[in-house]
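Peer 1: The structure that follows is given in the form of structure tokens.
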Amino acid sequence: MKSPKVNTDIESSADVSKANSRRQFITKAAAGGVVATLASKTAWAGNFGGATGCSVSGNLSGNLSQAKDCSIDSVKGIDPITWHHILGNRHKRQQFNVSNSRWRDIFPHKQPFGLGNSSNTRIRDFLTRQSSKYSETNEALVVAYLNAVSGQYPLPSGVSAEAYVNDLYDAINVKFSEGQIVNAVRATY
Numbered sequence: 078m079k080s081p082k083v084n085t086d087i088e089s090s091a092d093v094s095k096a097n098s099r100r101q102f103i104t105k106a107a108a109g110g111v112v113a114t115l116a117s118k119t120a121w122a123g124n125f126g127g128a129t130g131c132s133v134s135g136n137l138s139g140n141l142s143q144a145k146d147c148s149i150d151s152v153k154g155i156d157p158i159t160w161h162h163i164l165g166n167r168h169k170r171q172q173f174n175v176s177n178s179r180w181r182d183i184f185p186h187k188q189p190f191g192l193g194n195s196s197n198t199r200i201r202d203f204l205t206r207q208s209s210k211y212s213e214t215n216e217a218l219v220v221a222y223l224n225a226v227s228g229q230y231p232l233p234s235g236v237s238a239e240a241y242v243n244d245l246y247d248a249i250n251v252k253f254s255e256g257q258i259v260n261a262v263r264a265t266y
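Numbering (this note's numbering), first residue to last: 78 to 266.
Here's what the structure looks like:
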């Protein structure tokens, strides 16, 4: 007679190595005070519809943990098209407490991905596919910044929107691929 439940939690050594790598990243991030919050609407479903967490490393790794300042109601990221319109309207910019800053004002000493010396470009230009400055990665970073600075993403106390997105930028191609960052941000709107 077969057992009705087969243990599917056995991990291969490669899975264990990946999990350990993720744990090391989380530990290092926490030690440096750089743990930032990126809430994922898809992560909120969790088991039986309960909130499961919203840390950037948890969202990206799929191993979510509870975050103190997160709740289902606090996650309401805005998409790039809407941000493009908001940045083009002075009244809306004031309403959301954002400005059409230059890339260099948010990411000092960091160039946009794949665009060379474009740090003088206004962030609105990274939000439309018709722009010569468009890249999915840059769009995701700008959207994450705008959602964080406007209060759409709950950040831990003491973490600025600039520090938050610079941590995301620094994690690209070190711990996470550009695609993983793009997908994690897109999951919030």
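Don't be surprised by glycine CBs; every beta carbon is placed ideally from N, CA and C.
Here the structure is a predicted model, which means the values were calculated and not measured.
Going by C-alpha to C-alpha distance, which of Thr-265, Glu-239 and His-161 sits closest to Arg-199?
Peer 2: Against the sequence shown, residue 199 aligns to sequence position 122. Answer by Cα proximity: His-161.
Peer 1: When the Cα of Arg-181 is compared with those of Leu-164, Ser-196 and Leu-232, which residue comes out closest?
Peer 2: Within the sequence shown, the letter at position 104 stands for residue 181. Ranking Leu-164, Ser-196 and Leu-232 by Cα distance to Arg-181 puts Ser-196 first.
Peer 1: Counting C-beta neighbours from all protein chains within 10 Å, is the total for Thr-205 16 or more, i.e. buried, or is it exposed?
Peer 2: If you number the sequence shown from 1, residue 205 lands on position 128. Exposed is the call here.
Peer 1: Is Pro-189 buried or exposed, if buried means 16 or more other CB atoms sit within 10 Å of its CB?
Peer 2: Here residue 189 refers to the residue found at position 112 of the sequence shown. Its Cβ being crowded by 16 or more others within 10 Å, Pro-189 is buried.
Peer 1: Check this for me: beta carbons of Ala-217 and Val-226, under 8 Å apart or not?
Peer 2: Here residue 217 corresponds to residue number 140 of the sequence shown, with the count starting at 1. Here residue 226 corresponds to residue number 149 of the sequence shown, with the count starting at 1. Contact: no.
Peer 1: Give the straight-line distance between the Cα atoms of Tyr-266 and Lys-169, rounded to the nearest whole angstrom.
Peer 2: In the sequence shown, the residue the question calls residue 266 occupies position 189. In the sequence shown, the residue the question calls residue 169 occupies position 92. Each residue's Cα considered, the two are about 18 Å apart.
Peer 1: Determine the burial state of Asn-250: buried for a count of at least 16 other Cβ atoms within 10 Å of its Cβ, exposed for fewer.
Peer 2: Counting from 1 along the sequence shown, the entry for residue 250 is found at position 173. The residue is exposed, with fewer than 16 neighbouring Cβ atoms inside 10 Å.
Peer 1: In this structure, how does DSSP classify Arg-179 when only helix, strand and coil are distinguished?
Peer 2: Along the sequence shown, one-based indexing puts residue 179 at 102. In the structure shown, Arg-179 sits in a strand (DSSP, three-state: E or B).
Peer 1: Kindly list the residues whose CB is nearer than 6 Å to the CB of Glu-255, restricted to its own chain and excluding five residues on each side of it in sequence; keep chain order.
Peer 2: Locating residue 255 in the sequence shown gives position 178, counting from the first residue. If we look at Glu-255 and ignore the five residues flanking it on each side, its Cβ neighbours are Thr-214 and Ile-249.
Peer 1: Need the endpoints of the alpha helix (DSSP H) that Val-236 sits in, please.
Peer 2: Position 159 of the sequence shown, counted from the first residue, corresponds to residue 236. Premise fails: Val-236 is in no alpha helix (DSSP H) and is neither H nor E.
Peer 1: Please classify Gly-235: is it buried, with 16 or more other beta-carbons within 10 angstroms of its beta-carbon, or exposed?
Peer 2: Numbered from 1 along the sequence shown, position 158 holds the residue referred to as residue 235. Result: exposed.
Peer 1: Going by the CB atoms, is the gap between Ser-212 and Gly-306 shorter than 8 Å?
Peer 2: The question about residue 306 has no answer here: the residues shown for the chain are numbered 78 through 266.
Peer 1: Below 6 Å CB to CB, which residues in the same chain sit around Leu-164 once its five sequence neighbours on both sides are set aside?
Peer 2: As a position in the sequence shown, residue 164 is number 87, starting the count at 1. Here the set comprises Asn-177 and Arg-201.
Peer 1: Report yes if the CB atom of Tyr-230 is closer than 8 Å to the CB atom of Ile-183, and no otherwise.
Peer 2: Counting from 1 along the sequence shown, the entry for residue 230 is found at position 153. Counting from 1 along the sequence shown, the entry for residue 183 is found at position 106. Taking 8 Å as the Cβ cut-off, Tyr-230 and Ile-183 do not qualify as a contacting pair.
Peer 1: Under the three-state reduction of DSSP, which class applies to Ile-155: helix, strand or coil?
Peer 2: Taking the first residue of the sequence shown as 1, we reach residue 155 at position 78. If DSSP states are grouped into helix, strand and coil, Ile-155 belongs with coil.
Peer 1: How close, in whole Å, do the beta carbons of Tyr-246 and Lys-187 come, if the pair is a contact with beta carbons under 8 Å?
Peer 2: Reading the sequence shown from its first residue, position 169 is the one you call residue 246. Reading the sequence shown from its first residue, position 110 is the one you call residue 187. Right, the Cβ-Cβ distance comes to about 6 Å (below 8 Å), so this counts as a contact.
Peer 1: Can you check which of these residues, Phe-173, Pro-157 and Asp-156, is closest to Gly-228 by C-alpha distance?
Peer 2: The residue given as residue 228 occupies position 151 in the sequence shown. Here the closest residue by C-alpha is Phe-173.
Peer 1: What is the residue span of the alpha helix (DSSP H) that Asn-197 lies within?
Peer 2: The residue you call residue 197 lines up with position 120 of the sequence shown. Neither: Asn-197 is in no alpha helix (DSSP H) and is coded neither H nor E.
Peer 1: Hey, how far is the Cα of Gly-154 from the Cα of Asn-224?
Peer 2: Counting from one through the sequence shown, the residue named residue 154 turns up at place 77. Counting from one through the sequence shown, the residue named residue 224 turns up at place 147. Taking the straight line from one Cα to the other gives about 6 Å.
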